[in-house]
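First to last, the sequence lines map onto chains A and B.
Using my numbering, the first residue of the first sequence is number 1, and each one after it goes up by one.
Using my numbering, the first residue of the second sequence is number 1001, and each one after it goes up by one.
Worksheet: one structure, shown below.
There are 2 protein chains.
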Amino acid sequence: MTLEERMARHRQSVDRALDRILPAADQQPSRLHQSMRYTVLAEGKRVRPVLTLICGEMFAAPSAPLVSAGAAVEMVHASSLILDDLPCMDDAALRRGRPSNHLAFGESTALLAALGLLNLAFATLASLPSPAVPSERAGEAATVLAGAIGSSGLIAGQVVDLEAGESVTDLKTLEFIHSHKTGRLFIAAAELGAILGRARPRERQAVARFAKNLGLAFQITDDLLDATGDVATLGKDVRQDKGRTTFATLCGVEGARSLSHELIDHAVSALEPLGRRGAPLQDLAETIRDRHA
Amino acid sequence: MTLEERMARHRQSVDRALDRILPAADQQPSRLHQSMRYTVLAEGKRVRPVLTLICGEMFAAPSAPLVSAGAAVEMVHASSLILDDLPCMDDAALRRGRPSNHLAFGESTALLAALGLLNLAFATLASLPSPAVPSERAGEAATVLAGAIGSSGLIAGQVVDLEAGESVTDLKTLEFIHSHKTGRLFIAAAELGAILGRARPRERQAVARFAKNLGLAFQITDDLLDATGDVATLGKDVRQDKGRTTFATLCGVEGARSLSHELIDHAVSALEPLGRRGAPLQDLAETIRDRHA
Chain A
1 MTLEERMARH RQSVDRALDR ILPAADQQPS RLHQSMRYTV LAEGKRVRPV LTLICGEMFA
61 APSAPLVSAG AAVEMVHASS LILDDLPCMD DAALRRGRPS NHLAFGESTA LLAALGLLNL
121 AFATLASLPS PAVPSERAGE AATVLAGAIG SSGLIAGQVV DLEAGESVTD LKTLEFIHSH
181 KTGRLFIAAA ELGAILGRAR PRERQAVARF AKNLGLAFQI TDDLLDATGD VATLGKDVRQ
241 DKGRTTFATL CGVEGARSLS HELIDHAVSA LEPLGRRGAP LQDLAETIRD RHA
Chain B
1001 MTLEERMARH RQSVDRALDR ILPAADQQPS RLHQSMRYTV LAEGKRVRPV LTLICGEMFA
1061 APSAPLVSAG AAVEMVHASS LILDDLPCMD DAALRRGRPS NHLAFGESTA LLAALGLLNL
1121 AFATLASLPS PAVPSERAGE AATVLAGAIG SSGLIAGQVV DLEAGESVTD LKTLEFIHSH
1181 KTGRLFIAAA ELGAILGRAR PRERQAVARF AKNLGLAFQI TDDLLDATGD VATLGKDVRQ
1241 DKGRTTFATL CGVEGARSLS HELIDHAVSA LEPLGRRGAP LQDLAETIRD RHA
């Protein structure tokens, strides 16, 4: 199976799981459930859950719980997209090719949908225990996810991003923001796969380092696409960072591109302890490199 | 020890645990952490975690994890207060005797603080496993908490409350709103104590039924105090429900009072299967009755 086929299969499994886990659109309160489904099930790259699934398969994690864990990661991601787009945050109008959640459902429903998704992600991890997944492993997964989200993870990145606003002028702050806003959830996505596959500490460390570098590289390619792409292709507002510092504005398009390549090289080196088993992750990294080739 | 003394001791334990679990006010990002601490640590009745602790002690739950579980419940409650007060929700200016969180810290920080608290509650439950608390019990606690918060719990109550707005005219809708917005977290608070104390299903059911009735009675006394109290005593806006339906406006002050008494009677009867062990909960119920005696 080619990586493309494998990724498509993973995306499909995750989408099916999300459809099953999310309350039905006609279940009361239906407007809330529609709002939750609207952002999660919209067309997306599903790169985080794909990372969970690839890592889990590397360590022969049991399939159904692995897909559920991937779905939990994607719900957290979708929750963060809804919140980022709110008027008091980035005030964005377009997301995943459609009006952002609060424009479609109103601000209060969007906010409650984001909370509902975060909560459902934890409910999903709490429901993992089974003969194939001992409770302590599900608990470890919840600890990792909560760490990635919390006030030293995703939320910290968003706070610093909002506080810095348009005044970010150094690479260090920009890296802090994105290693928290993007990197931490990438790391958790990879670690969840490793945890469910009972990877050894060394192996888990390797996929975490891989994911950290991949996440930042992924963010930089997003910035590059924002600087050079168009709305129709990306499905979200472009140049919305106008006036705001991105890797592209700070390092220039060429500088950002070479930083991204460097990070992908780091990601690939991190896989060394895994030997040939790391090949699927190496392939994944190359697809990120190709995004802005 | 009188119930008053016992409750004061429980409140103290919970406040100490919250102070320890919440990131320090000077830890980065400090504004976020200040915002989280601002609402959680403000003067409050702590009725939900006290309920957790009383239930847990009834079943001889291990003390430290029990207090942590109570703290998790209080963090979820504080998170819901911050969100309820936001401009796109109830747009309230005063809470726990001080400006509401978004007025003190700005809307985006308040929102992220609320999320951070919800996340920290799950992190706290995920950290419970120890020789005294098997992982599966911590997982069960997380399932119960997530169920109470989710789109068939607290969040559902808030959605229906916002949708109904000023047009609620029937007791059934009002009961739906409050049995979800208040009742579900009361039930979870009690069940967490029962779970950590390894209560039998019948016993757990009894405390859950108790908590359900107590929660609704508690909400009605809140409405009554809102209708008859003053800002200085309550520490939050009074008559803010003006134009909005409450138990007091729908049933009149006397009708609401008698409904509350009836619910407290139901709560007390629910304790029957527990025999004399239920006495502390019975005492707790009487303090709620006394609130508007």
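For every residue, glycine included, the Cβ atom is placed at its ideal position computed from N, Cα and C.
Remember, predicted model here, so these are calculated numbers, not experimental data.
Identify every residue that forms a DSSP beta bridge with residue i.
i	result
Val1133 (chain B)	B:Ser1130
Pro87 (chain A)	Per DSSP, none; premise fails for Pro87 (chain A).
Leu94 (chain A)	A:Pro99
Along the alpha helix (DSSP H) that carries residue i, what are the first and last residues, could you check?
i	result
Asp226 (chain A)	Pro201 to Thr228
Met58 (chain A)	Val47 to Met58
Val1160 (chain B)	Leu1154 to Ala1164
Met1007 (chain B)	Leu1003 to Ile1021
Gly1150 (chain B)	Looking at the DSSP string, Gly1150 (chain B) is not in any alpha helix (DSSP H), and its letter there is neither H nor E.
Gln34 (chain A)	Ser30 to Val40
Glu286 (chain A)	Ala279 to Arg291
Thr1249 (chain B)	Phe1247 to Ala1270
Thr1173 (chain B)	Leu1171 to His1178
Glu191 (chain A)	Arg184 to Leu196
Rank the options by C-alpha distance to the C-alpha of residue i and give the top, closest one.
i	options	result
His178 (chain A)	A:Ser151, A:Ala217, A:Arg16 and A:Glu203	A:Ala217
His1180 (chain B)	A:Gln12, A:Gln28 and A:Ile21	A:Gln28
Ala227 (chain A)	A:Ala256, A:Phe210, A:Glu166 and A:Glu107	A:Ala256
Leu263 (chain A)	A:Leu117, A:Phe210, A:Arg9 and A:Thr245	A:Phe210
Leu1041 (chain B)	B:Ile1149, B:Arg1095 and B:Thr1173	B:Arg1095
Ile1054 (chain B)	B:Thr1039, B:Glu1043, B:Gly1070 and B:Val1168	B:Gly1070
Arg98 (chain A)	A:Met7, A:Leu128 and A:Gly44	A:Gly44
Gly1215 (chain B)	B:Pro1062, B:Glu1163, B:Leu1118 and B:Leu1259	B:Leu1259
Cys251 (chain A)	A:Leu174, A:Met89 and A:Leu112	A:Leu174
Glu1286 (chain B)	B:Arg1031, B:Val1268, B:Leu1083 and B:Leu1196	B:Val1268
Arg1276 (chain B)	B:Ala1164, B:Gln1012, B:Met1058 and B:Ser1030	B:Met1058
Ile149 (chain A)	B:Asn1119, B:Ser1127 and B:Ala1164	B:Asn1119
Arg184 (chain A)	A:Leu128, A:Asn213 and A:Val159	A:Asn213
Arg20 (chain A)	A:Glu107, A:Ala72, A:Arg48 and A:Asp90	A:Ala72
Since residue i contacts residue j with CB under 8 Å, what's their CB separation in whole angstroms?
i	j	result
Ser1135 (chain B)	Gly139 (chain A)	5 Å
Leu145 (chain A)	Val76 (chain A)	7 Å
Ser152 (chain A)	Asn101 (chain A)	About 26 Å; that fails the 8 Å criterion.
Glu74 (chain A)	Val133 (chain A)	Actually they are not in contact, since the Cβ atoms of Glu74 (chain A) and Val133 (chain A) sit about 19 Å apart, beyond 8 Å.
Gly116 (chain A)	Ile1155 (chain B)	5 Å
Ala123 (chain A)	Thr1143 (chain B)	7 Å
Ala61 (chain A)	Gly193 (chain A)	6 Å
Leu32 (chain A)	Leu112 (chain A)	6 Å
Ile303 (chain A)	Ala206 (chain A)	Outside the modelled stretch of chain A, which goes from 1 to 293, sits residue 303 (chain A), for which no answer is possible.
Thr245 (chain A)	Val168 (chain A)	4 Å
Pro1280 (chain B)	Leu1003 (chain B)	7 Å
What do you reckon, is the C-beta of residue i under 7 Å from a heavy atom of the ligand PLP?
i	result
Ala146 (chain A)	The ligand PLP is not part of this structure, which contains no ligands at all.
Residues of the region 257-290 of chain A in Cβ contact with chain B at a cutoff of 8 Å, in chain order, please. none
key: Contact residues within the region 70-92 of chain A, judged by C-beta distance below 8 Å to chain B   = Leu83, Leu86, Cys88 and Met89
ask   = Taking Cβ-Cβ distances below 7 Å as the criterion, which residues of the region 162-185 of chain A are in contact with chain B?
value = Leu162
*Select from the region 1041-1071 of chain B all residues with a C-beta closer than 9 Å to any C-beta belonging to chain A, and list them in chain order.*
none
(Q) Counting only Cβ-Cβ distances shorter than 7 Å, please list the residues of the region 118-132 of chain A near chain B, keeping chain order. (A) Leu118, Asn119, Leu120, Phe122, Ala123, Ala126, Ser127 and Pro129
Practice item. Give the residues from the region 1147-1159 of chain B that approach chain A closer than 8 Å (Cβ to any Cβ), ordered along the chain. Key: Gly1147, Ile1149, Gly1150, Ser1151, Ser1152, Ile1155, Ala1156, Gln1158 and Val1159
Handout entry: chain B contacts made by the region 192-203 of chain A, where a contact means CB separation under 7 Å
Key = none
The region 17-30 of chain A: positions lying closer than 7 Å to chain B by Cβ: Pro23 and Pro29
Going along the chain, which residues of the region 207-229 of chain A sit with their C-beta nearer than 7 Å to a C-beta in chain B?
-> none
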